[in-house]
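Written out below as structure tokens is the structure these notes cover.
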Amino acid sequence: MGERGDRYDVAVLGGGIAGSLAACAAARHGARTLLVERLGHLGGTLSSCLVGPMMTFHCKGEQIIRGLPGELVERLVRGGWSPGHMPDSSGYTYSVTPFDAEGMKLELEAMVREAGADILYDACLFGARAEGGALRELSLAARSGEMRLSARAYVDATGDAALSAFAGFPIARPERFQPATMVFKMAGVDIPAVKAYMRSHPEEFPRVAGRPGLADSAPRLALSGFVETLKRAKAAGEYSVEREDLLFFESNLPGEVVVNTSRVFVRDPVDPEDFSRLTLEGRSQVRELAAFLAARIPGFSKARLLASGEEIGIRNSRQVEGEYRLTDEDILLSRPMPDAIAHSAYPIDMHSSTGGGTDSRFLPEGRYYDIPYRCLIPRLSRNLLVAGRCASATFAAQASIRLSPSAGAMGQAAGLAASIAAGRGLPVAEVDPGELRDALRAQGAWLPPRP
Ligand SMILES: Cc1cc2nc3c(=O)[nH]c(=O)nc-3n(C[C@H](O)[C@H](O)[C@H](O)COP(=O)(O)OP(=O)(O)OC[C@H]3O[C@@H](n4cnc5c(N)ncnc54)[C@H](O)[C@@H]3O)c2cc1C
Numbered sequence: 006m007g008e009r010g011d012r013y014d015v016a017v018l019g020g021g022i023a024g025s026l027a028a029c030a031a032a033r034h035g036a037r038t039l040l041v042e043r044l045g046h047l048g049g050t051l052s053s054c055l056v057g058p059m060m061t062f063h064c065k066g067e068q069i070i071r072g073l074p075g076e077l078v079e080r081l082v083r084g085g086w087s088p089g090h091m092p093d094s095s096g097y098t099y100s101v102t103p104f105d106a107e108g109m110k111l112e113l114e115a116m117v118r119e120a121g122a123d124i125l126y127d128a129c130l131f132g133a134r135a136e137g138g139a140l141r142e143l144s145l146a147a148r149s150g151e152m153r154l155s156a157r158a159y160v161d162a163t164g165d166a167a168l169s170a171f172a173g174f175p176i177a178r179p180e181r182f183q184p185a186t187m188v189f190k191m192a193g194v195d196i197p198a199v200k201a202y203m204r205s206h207p208e209e210f211p212r213v214a215g216r217p218g219l220a221d222s223a224p225r226l227a228l229s230g231f232v233e234t235l236k237r238a239k240a241a242g243e244y245s246v247e248r249e250d251l252l253f254f255e256s257n258l259p260g261e262v263v264v265n266t267s268r269v270f271v272r273d274p275v276d277p278e279d280f281s282r283l284t285l286e287g288r289s290q291v292r293e294l295a296a297f298l299a300a301r302i303p304g305f306s307k308a309r310l311l312a313s314g315e316e317i318g319i320r321n322s323r324q325v326e327g328e329y330r331l332t333d334e335d336i337l338l339s340r341p342m343p344d345a346i347a348h349s350a351y352p353i354d355m356h357s358s359t360g361g362g363t364d365s366r367f368l369p370e371g372r373y374y375d376i377p378y379r380c381l382i383p384r385l386s387r388n389l390l391v392a393g394r395c396a397s398a399t400f401a402a403q404a405s406i407r408l409s410p411s412a413g414a415m416g417q418a419a420g421l422a423a424s425i426a427a428g429r430g431l432p433v434a435e436v437d438p439g440e441l442r443d444a445l446r447a448q449g450a451w452l453p454p455r456p
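In terms of our numbering, the sequence shown is residues 6 to 456.
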């Protein structure tokens, strides 16, 4: 049995955007940091599930998510992996940021390594021991067998709050689960033909009604629509997915699209048997959808299925019960939080858990909301923080903060706070939010002064 202890101030579990940027932030702040990931690459949902584009870094014209997530985009652009931020031509939010999943893996890995953190791949957390709110030791299934790990402070960025659950911290089961989606990529799409159809059939694209030219204004197409085509296909028995619109996005490579349309209803995303059922149903939907797109959707007749996700995408699973639980009212009323560590202007985006439809609630134009540090602190915790989609929020609030730019921003904050706590021997709840905000600003975060 291997041991990895003492050497590390901060251990981050999960190498999605939240965990990768947490590790990067902690290491840049001077903490000896280890990032543990069960797969063989970073990026989490953004690489293993093929999800993209990132949305949104903006509130109207202002880039409100900067810091390490902003730096990641700059690196993706420099490396030719992303065309950068651009208007959302699907009409849903302010901006989208397309990227290649391969570039995401490479740039996150480079950021973490350049910061000086170690990465332990192919190591799956399966147990944790805590005493009096202090995490003492983790058990990992590693290539060599069982491995034990301890550090001064920990960040749970597993998306599923796996570390918090295994250690016995209070977990809130969401009131319901959003559906899962098996994202897939198709190449060889004739985008000009799709745009020509959009111009001649505006009734198919109600989200962008009254905004002609929006699709042409963006260097990469983001599209939600073909609603009449789907209605007809459903009536004719040619299409079975419980989804009212086709949703797809051009990736960094022109003519390659990420299709985010499959919909599989979830009973329990952390139950191994249910997860396998979701995966199997997701892949059979990919087969159906790819054939349907090629046969019925203008521009797709020569397109080929390139890849489906290594895993099906899970939108929500477990949330920790934190020192504070962010609510939909906090978001929609832009309630100011004295300990804000990140902001977002993304709507509350709830895909139906039982049928067609998506319930979206929008902030007023030009408004953004605060994510408080307290949402990253599991109740009763002394040395554990969470970041990303498992942070403390109600079902509806999670449906906004789960998006990748805000997940990354939470990761940066959790990594910095863990480093401050480890460095001083402080309980995580005693990290001064003012000091944390200053440290975040020093790493480039956009945090305007509180009133
Ligand atoms: C279908 C779908 C579509 C989406 N569309 C968009 C979109 O268009 N734009 C957007 O910005 N966001 C989108 N999102 C949301 C966004 O992608 C994710 O919520 C966000 O990336 C989550 O980041 P994370 O780091 O919190 O978690 P994750 O990306 O889930 O990363 C968690 C990491 O932890 C690892 N891990 C888990 N358990 C263990 C364990 N026991 N031991 C070790 N490692 C472990 C995983 O392998 C993974 O790498 C979508 C999500 C889904 C599911």
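For each residue, glycine too, the CB sits at the ideal point set by N, CA and C.
CA-CA distance, residue i and residue j?
{"i": "MET6", "j": "ALA156", "result": "Caution is warranted here: a pLDDT of 43 is assigned to MET6, below 50, making its placement in the model unreliable, and the coordinate value is therefore given only provisionally. Using only the alpha carbons, I get a separation of about 17 Å."}
{"i": "ALA115", "j": "ASP127", "result": "18 Å"}
{"i": "GLY469", "j": "ALA450", "result": "Not covered by the structure: residue 469. The range shown for the chain is 6 to 456."}
{"i": "GLU151", "j": "GLY20", "result": "20 Å"}
{"i": "ALA198", "j": "ASP221", "result": "12 Å"}
{"i": "VAL263", "j": "SER322", "result": "23 Å"}
{"i": "HIS34", "j": "LEU445", "result": "10 Å"}
{"i": "GLU538", "j": "ALA172", "result": "Beyond the ends of the chain as shown, which are 6 and 456, falls residue 538; an answer cannot be given."}
{"i": "LEU389", "j": "ASP123", "result": "19 Å"}
{"i": "TYR159", "j": "GLU209", "result": "48 Å"}
{"i": "HIS206", "j": "LYS65", "result": "28 Å"}
{"i": "VAL188", "j": "ASP276", "result": "21 Å"}
{"i": "SER289", "j": "PHE231", "result": "21 Å"}
{"i": "ILE70", "j": "GLU249", "result": "31 Å"}
{"i": "SER281", "j": "PRO274", "result": "9 Å"}
{"i": "ARG409", "j": "ARG153", "result": "Reading the sequence as shown, one finds Ser at residue 409 and not Arg. Computed Cα separation, rounded: 30 Å."}
{"i": "GLN183", "j": "ASP364", "result": "11 Å"}
{"i": "VAL269", "j": "THR186", "result": "6 Å"}
{"i": "ILE425", "j": "LEU441", "result": "8 Å"}
{"i": "LEU431", "j": "TYR378", "result": "15 Å"}
{"i": "ARG83", "j": "VAL17", "result": "27 Å"}
{"i": "ARG320", "j": "ARG340", "result": "24 Å"}
{"i": "ALA404", "j": "ASP14", "result": "32 Å"}
{"i": "GLY85", "j": "GLU107", "result": "11 Å"}
{"i": "GLU79", "j": "SER53", "result": "22 Å"}
For residue i, which residues does DSSP report across the bridge?
{"i": "THR102", "result": "MET59"}
{"i": "LEU385", "result": "Paired residues: none, contrary to the question."}
{"i": "PRO39", "result": "Residue 39 is actually Leu in this sequence, not Pro. In the DSSP output, where bridge partners are listed per residue, LEU39 has ALA16 and ASP123."}
{"i": "ASP354", "result": "SER365"}
{"i": "VAL160", "result": "VAL17 and LEU390"}
{"i": "VAL262", "result": "MET191 and GLU255"}
{"i": "VAL269", "result": "ALA185"}
{"i": "GLU67", "result": "CYS64"}
{"i": "ALA177", "result": "GLN324"}
{"i": "LEU140", "result": "ALA135"}
{"i": "GLY318", "result": "THR186"}
Looking at the secondary structure, which residues open and close the beta strand (DSSP E) in which residue i lies?
{"i": "PRO377", "result": "374–377"}
{"i": "LEU47", "result": "First-last for LEU47: undefined, no H or E at that position."}
{"i": "SER169", "result": "Not the beta strand (DSSP E): SER169 falls in the alpha helix (DSSP H), residues 167–171."}
{"i": "ARG309", "result": "309–313"}
{"i": "ALA450", "result": "Taken as a continuous stretch (DSSP letters only), ALA450 belongs to no beta strand (DSSP E), as it is neither H nor E."}
{"i": "SER349", "result": "345–349"}
{"i": "CYS129", "result": "129–136"}
If I follow the unbroken alpha helix (DSSP H) through residue i, where does it start and stop?
{"i": "CYS29", "result": "22–33"}
{"i": "ASP333", "result": "333–337"}
{"i": "SER87", "result": "Unbroken run through SER87: none, as it is neither H nor E."}
{"i": "LYS190", "result": "Where LYS190 is concerned, there is no enclosing alpha helix (DSSP H), although the beta strand (DSSP E) it sits in stretches over 189–192."}
{"i": "VAL275", "result": "First-last for VAL275: undefined, no H or E at that position."}
{"i": "SER205", "result": "196–205"}
Check the Cβ-Cβ distances between residue i and every residue of chain B, and say whether any is below 8 Å.
{"i": "GLY45", "result": "Included in the structure is just one protein chain, with no chain B present."}
Mind listing, in chain order, the continuous alpha helix (DSSP H) runs of no fewer than 4 residues lying wholly within the region 207–249?
219–222 and 232–240
Quick one: complete alpha helix (DSSP H) runs, 4+ long, within the region 383–438?
400–406 and 409–429
Across the region 293–307 and the region 22–38, are there enough close Cβ pairs to call them in contact, namely three or more that are closer than 8 Å?
no
Can at least three beta-carbon pairs, one atom from the region 213–220 and one from the region 90–108, be found at a separation below 8 Å?
yes
Should the region 369–387 be regarded as contacting the region 328–346, the criterion being three or more beta carbon pairs within less than 8 Å?
yes
Would the region 99–112 count as touching the region 251–263 if we require 3 or more Cβ pairs under 8 Å?
yes
For the 8 Å Cβ check, are there 3 or more pairs between the region 307–314 and the region 349–368?
no
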